[in-house]
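So the sequence shown is numbered by the numbering used here: it starts at 934 and just counts up by one.
Please read the structure below before turning to the comments.
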Amino acid sequence: MSAVREHVLSNGMTILCWHNPYLHGVEMGLYLRAGTIYETEETQGISHLLEHLCFRGVGDLNHESLQRTLNRFGADMEGMTTAEAIVFRLTSLPRYFDGMLELFTKFFAPNFWSPEDIEKEKEIVLRQIEQAEEDFDEMVDRAWRETPAGVFPRMGSAEAIAKLDNETIWNWQRLVFQPQNACLVLTGNFSIGMEETAIEVLAGLENYTSEPPFAQHIPLGFCMRDAESDLIVDSADPDSQAQVHIAFDIDEDNVFPLAARIVDAITAGNDDSILFQTLREEEALVAEIESYIQEMGQFHRLVIRYDVRQEKLVESLRKVFKYLHRLSVYVRPIRLEQVRSHFTVGHALTQDNISEMNELAGWAWVAGDASRADLDAQAAQLNDLSPEELLDAAQTIFRPENLVISVERDPEIVQENLDELFLELRGLL
């Protein structure tokens, strides 16, 4: 069974429980709304800094006490900051459940890191920023994340981090680490008694404010793209391959998530896809080609990504868009059957991995739709999905108003007018 039990507590906190008694371990994941989509020019990078500071201490645990606690569990805590969330995950054995739960409650305790701690962590983040180099994919990703508030790198700028004062950092800590802004995901081998204990303990946590602190903005131009959205970048390395990033915004009012994922799998989501075979095997144009659904909170897009020899760039783009046009005209029933088998196996294997289960449930909460983690419901939808419905989804996704074409190329080798080419490609959809 893949049913996820959802509990929304009186303080606004969500607990998602996904039980699998056949596994040895249990994982807790704490998902908090935060990240660059909620930051400003002045506060950019503060979410990433907060994540770092939590490893210096949480609640009444300083760095040394925190490490001793984790060593007692025989585990390391993972932390990450994305555009839309700060996440902490911890995996251990069920007998350490009470200690793990107590540790996660400490994230919500008043935690005024000392000025010395803050300055030390700032220095670490500043060194990371100095060493970071933005590549083509990051540039494209940042462009997609732009909102009326702006668009910022995950770690922020060195200037913004240096200017962050302690009061601003402490205030953001209070805003981020409060129950109404959080979801605890519990996956693996735990009992009903453990689940009830988590509900009881976490329901006693208090919020800092009466209103939720963060609301996600719509990315600029979402599902209203045109030629102005496209991106052409000059390659800094004349010996490199051209890079292609083709993205289609997904309007989930018209395309439900499972259909989008199946369209993605048929497009280039596995080595058996026609697009993969055509470009990689027959023409040997690319090292690899991939298709995936990229998520940012409640917004999603289907991405087709590959590298190609500079002199083959234009030819490869025309082949890709001719294939996408074909896919929006006809979907072979046998392709749907093949994808069904892949998804069935994938759903079963997901439940053998408590970290995959935790991520699936946690990011579903971040997206505002916990049903995304209901694999039983998805299996039923998958069995009911017809080729006609899948074709309708492809026609809704592969439209010019959803499309952004991004290319990094060497202008000395690729001398064609790419602006004109992109208009031609849009006309194929």
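Note that the Cβ used here is the ideal one computed from N, Cα and C, for glycine as well.
- Query: Mind checking residue 1017: buried by the 16 CB within 10 Å criterion, or exposed?
  - Reply: Taking the sequence shown and counting its residues from 1, the one referred to as residue 1017 is at position 84. Classification of residue 1017: buried, given that the 10 Å Cβ count is 16 or more.
- Item | Same chain only: Cβ atoms within 6 Å of residue 1297, ignoring 5 sequence neighbours per side | As a position in the sequence shown, residue 1297 is number 364, starting the count at 1. By the criterion of a C-beta distance shorter than 6 Å, residue 1297 is surrounded in its chain by 1303, 1305 and 1306, once the five residues flanking it on both sides are discounted.
- Determine the burial state of residue 1055: buried for a count of at least 16 other Cβ atoms within 10 Å of its Cβ, exposed for fewer. For this step, residue 1055 is matched to residue 122 along the sequence shown. Taking a 10 Å sphere around the C-beta of residue 1055, we find 16 or more other C-beta atoms and assign the residue as buried.
- residue 1040 burial status per 10 Å Cβ neighbour count (16 or more: buried): As a position in the sequence shown, residue 1040 is number 107, starting the count at 1. With 16 or more other Cβ atoms from the protein chains shown falling within 10 Å of its own Cβ, residue 1040 counts as buried.
- Query: With 16 other CB atoms within 10 Å as the buried threshold, where does residue 1175 fall?
  - Reply: Residue numbering aside, residue 1175 sits at position 242 when the sequence shown is read from its first letter. Answer is buried; the Cβ neighbour count reaches 16.
- Query: Which value, in whole angstroms, describes the spacing of the CA atoms of residue 1257 and residue 1342?
  - Reply: As a working note, residue 1257 is residue 324 in the sequence shown. As a working note, residue 1342 is residue 409 in the sequence shown. In this structure, the straight-line span from the alpha carbon of residue 1257 to that of residue 1342 is close to 22 Å.
- Item | Cutoff 7 Å; reference residue 1162; Cβ partners in own chain excluding five residues on either side | By 1-based counting over the sequence shown, the position of residue 1162 is 229. Leaving aside the five residues that flank residue 1162 on each side, the residues in its chain whose CB is nearer than 7 Å to its CB run, in chain order, 1154 and 1337.
- Residue burial classification, residue 1149 (beta-carbon count within 10 angstroms, cutoff 16): Position 216 of the sequence shown, counted from the first residue, corresponds to residue 1149. Result: buried.
- Message: If I measure Cβ to Cβ from residue 1360 and keep anything under 7 Å in the same chain, skipping five residues before and after, which residues do I get?
- Response: To locate residue 1360, count along the sequence shown from 1; it is residue 427. If we look at residue 1360 and ignore the five residues flanking it on each side, it has no Cβ neighbours.
- Item | Sheet register partners of residue 1349 (DSSP bridge) | Residue numbering aside, residue 1349 sits at position 416 when the sequence shown is read from its first letter. Paired residues: none, contrary to the question.
- Message: Among the candidates 1291, 1133, 1331 and 1335, whose CA atom is the shortest distance from the CA of residue 940?
- Response: Mapped onto the sequence shown, residue 940 falls at position 7. Minimum Cα distance to residue 940 is reached at 1133.
- What do you get for residue 968, buried or exposed, if any count of 16 or more other CB atoms within 10 angstroms of its CB means buried? Counted from its first residue, the sequence shown places residue 968 at position 35. With 16 or more other Cβ atoms within 10 Å, it is buried.
- Query: What residues in its chain sit with their C-beta under 8 Å from that of residue 1322, if we drop five residues either side in the sequence?
  - Reply: For the purposes of this step, residue 1322 is taken as the residue at position 389 of the sequence shown. These residues qualify, in order along the chain: 1192.
- Contact check, residue 1106 vs residue 1044, beta carbons under 8 Å: Numbered from 1 along the sequence shown, position 173 holds the residue referred to as residue 1106. Numbered from 1 along the sequence shown, position 111 holds the residue referred to as residue 1044. Yes, they are a contact pair.
- Identity of the residue in 1200, 1245 and 1270 nearest residue 1237 by Cα: Start at 1 with the first residue of the sequence shown, and residue 1237 comes out as number 304. Checking every option, the nearest Cα to that of residue 1237 belongs to 1200.
- Does DSSP put residue 1289 in a helix, in a strand, or in coil? The sequence position of residue 1289 within the sequence shown is 356, counting from 1. Looking at residue 1289 - three-state DSSP - the assignment turns out to be helix.
- Per DSSP, cross-strand counterpart(s) of residue 995: Walking along the sequence shown from the start, residue 995 turns up at place 62. Residue 995 pairs with 990.
- Message: According to DSSP, simplified to helix, strand and coil, what is residue 1056?
- Response: Residue 1056 sits at position 123 when you count from the first residue of the sequence shown. Judged by DSSP in its simplified three-state form, residue 1056 adopts helix.
- Task: Indicate whether the contact test is met: 3 or more Cβ pairs, each with one atom in the segment 1021-1034 and one in the segment 969-983, closer than 8 Å.
- Result: No contact exists between the segment 1021-1034 and the segment 969-983.
- Cβ separation of residue 1243 and residue 1346, assumed to be a contact under 8 Å, to the nearest whole Å: Residue mapping note: residue 1243 aligns to position 310 of the sequence shown, counting from 1. Residue mapping note: residue 1346 aligns to position 413 of the sequence shown, counting from 1. Indeed they touch by this definition, with Cβ atoms about 4 Å apart.
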